[in-house]
Amino acid sequence: MNHPEKTLIKQAKLGDNSALNTLIKTHAPVVYNTAVRILQNEAEAEDVLQETFIILIEKIRAFKEKSSLSTWLYRVATNVALGKIREKKKLGSMIELDVLDHEPLSGNEIRSWPQAVEKRWKDESIQSCLKDALAELPTLFRTVFILRDLEGYSVEETAKSLDISKSNVKVRLMRARLFLRDKMAHNLHCVEAAS
Amino acid sequence: MNKFVTELNDQNWNDEVLEYDGVALVDVWAPWCGPCKLIGPIIDELAEEFSGKVKVAKLNADQNQKPMELGVSGIPTLILFKNGEEVDRIVGMFPKNDLQEKLNYYSTDLA
Numbered sequence: 197m198n199h200p201e202k203t204l205i206k207q208a209k210l211g212d213n214s215a216l217n218t219l220i221k222t223h224a225p226v227v228y229n230t231a232v233r234i235l236q237n238e239a240e241a242e243d244v245l246q247e248t249f250i251i252l253i254e255k256i257r258a259f260k261e262k263s264s265l266s267t268w269l270y271r272v273a274t275n276v277a278l279g280k281i282r283e284k285k286k287l288g289s290m291i292e293l294d295v296l297d298h299e300p301l302s303g304n305e306i307r308s309w310p311q312a313v314e315k316r317w318k319d320e321s322i323q324s325c326l327k328d329a330l331a332e333l334p335t336l337f338r339t340v341f342i343l344r345d346l347e348g349y350s351v352e353e354t355a356k357s358l359d360i361s362k363s364n365v366k367v368r369l370m371r372a373r374l375f376l377r378d379k380m381a382h383n384l385h386c387v388e389a390a391s
Numbered sequence: 027m028n029k030f031v032t033e034l035n036d037q038n039w040n041d042e043v044l045e046y047d048g049v050a051l052v053d054v055w056a057p058w059c060g061p062c063k064l065i066g067p068i069i070d071e072l073a074e075e076f077s078g079k080v081k082v083a084k085l086n087a088d089q090n091q092k093p094m095e096l097g098v099s100g101i102p103t104l105i106l107f108k109n110g111e112e113v114d115r116i117v118g119m120f121p122k123n124d125l126q127e128k129l130n131y132y133s134t135d136l137a
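These protein sequence lines map, in sequence, to chains U and L.
Every position in the first sequence, counted from 1, becomes a number in our numbering once 196 is added.
Every position in the second sequence, counted from 1, becomes a number in our numbering once 26 is added.
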């Protein structure tokens, strides 16, 4: 964490609203983008943004700074967004098309990412390609991919967050990786841009 | 099927939706889906109310591949198209009034 942010957190804990506002302005884009990625819905992402910062305002004094503020906000935003998905399922207003429960794992070997892509993972053009491919990935797979591969949740944590079995997490993750790999490989301009 | 509702499938998708010049509301559903059964009559009513203004159509997720291609991961999913392009998508139950508002919005020159 950089020093100015530490100072801002300290001031915010002491009730300095201007410091708190600066922190919110700084982290709002990341929180919003995380929510959009999970929910694929801008209106709901705005709700997540608001709820996440309400939590920040309420909990800033208790924030122990064991992780960076951005990591902490990332987690809160993810949990709030996942809560929204669970809420919809619980209300019975929709049914997930969980086709994967009926598909066997055998014969679906996890293929690795092309080495060239992996090496350039931090390359902006690759990130942009991944973003495009992610937008096309069905929610069913996307949330698992985001939690496991982008956020670093364990299989168990992911299963718990989404209220699905661990084997289902693995199957969905495999499907997501295959989908993204094929999608990104298909978009030749992505590979060309990265080489 | 209600006479105001167009039944879609993988074969007629392009003609009925992508090449349709106007606003089309597509309800992706399945016979075993409870929430789909709840929203079904609302869609039928809207089809009649907006007859001549909006094409209202239903796509059975069990019998067609198109929902997967469209990235539909939960049903009911309502997708609005204008001149063949997706302009809005709603997953889950949605109040009739709000749907009417959306259809009015997209079927006028405002959208």
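From the three backbone atoms N, C-alpha and C, an ideal C-beta is built for every residue, glycine too.
Quick caveat: nothing in here was measured; it's all calculated off a predicted structure.
A distance below 7 Å separates the beta carbons of Lys81/L and Ala50/L. If you keep only unbroken alpha helix (DSSP H) runs of at least 4 residues inside the stretch 239–294 of chain U, you get 265–286. Counting C-beta atoms within 10 angstroms of its own C-beta, Gly110/L has fewer than 16 neighbours from the protein chains shown and is therefore classed as exposed.
Per DSSP, reduced to three states, the secondary structure at Val43/L is helical. Only exposed fits Met27/L, as fewer than 16 other CB atoms lie within 10 angstroms of its CB. For the C-beta of Glu242/U, not a single chain L residue is nearer than 7 Å; the gap to the nearest is close to 16 Å. Distance check between Val52/L and each of Trp58/L, Asn123/L and Ile68/L places Ile68/L closest, using alpha-carbon atoms only. The alpha carbon of Arg371/U has as its nearest neighbour, out of Lys255/U, Ile281/U, Ser266/U and Phe341/U, the alpha carbon of Phe341/U. If you keep only unbroken alpha helix (DSSP H) runs of at least 4 residues inside the stretch 44–92 of chain L, you get 60–75. With respect to the C-alpha of Ile65/L, the residue from Asp88/L, Asn90/L, Asp124/L and Gln37/L having the closest C-alpha is Asp124/L. The C-beta distance from Ala258/U to Ala231/U rounds to 23 Å, too long to meet the 8 Å contact threshold. Asp36/L sits in coil when the DSSP states are folded into three classes, being neither helix nor strand. About 19 Å separates the beta carbon of Leu278/U from that of His223/U, a gap too long to meet the 8 Å contact definition. With a threshold of 16 other beta carbon atoms within 10 Å, Lys84/L meets it and is buried. At a beta-carbon threshold of 9 Å, the residues of chain L lying near Glu332/U are Gly97, ordered along the chain. Contacts between Gly118/L and chain U, judged by CB atoms closer than 7 Å, involve Lys284, Ser289 and Met290 in chain order. At a cut-off of 7 Å between beta carbons, Thr335/U contacts chain L. Here Val54/L really is in contact with Pro93/L; their C-beta atoms are around 5 Å apart, less than 8 Å. Inclusion of Cys59/L and Ile105/L in the CB contact set at 7 Å is not warranted, their separation being larger than that value.
Selection Ser77/L, Lys63/L and Cys62/L evaluated against Thr32/L yields Ser77/L as nearest (Cα-Cα).
Each of Lys63/L, Glu74/L, Ala87/L and Glu112/L was checked against the Cα of Glu45/L, and the nearest Cα belongs to Glu112/L. Note on geometry: alpha-carbon atoms of Lys209/U and Lys255/U lie some 9 Å from one another.
In the assembly as shown, Arg282/U is an exposed residue. Its beta-carbon has fewer than 16 other beta-carbons within 10 Å. When DSSP states are grouped into helix, strand and coil, Glu332/U belongs to the helix group. Interface residue (Cβ-Cβ distance to chain U less than 7 Å): Pro67/L is not classified as such. With contacts defined by Cβ atoms closer than 7 Å, Lys366/U and Ala355/U do not form a contacting pair. In terms of Cα proximity to Ile251/U, the closest of Ser289/U, Arg271/U, Val226/U and Thr203/U is Arg271/U.
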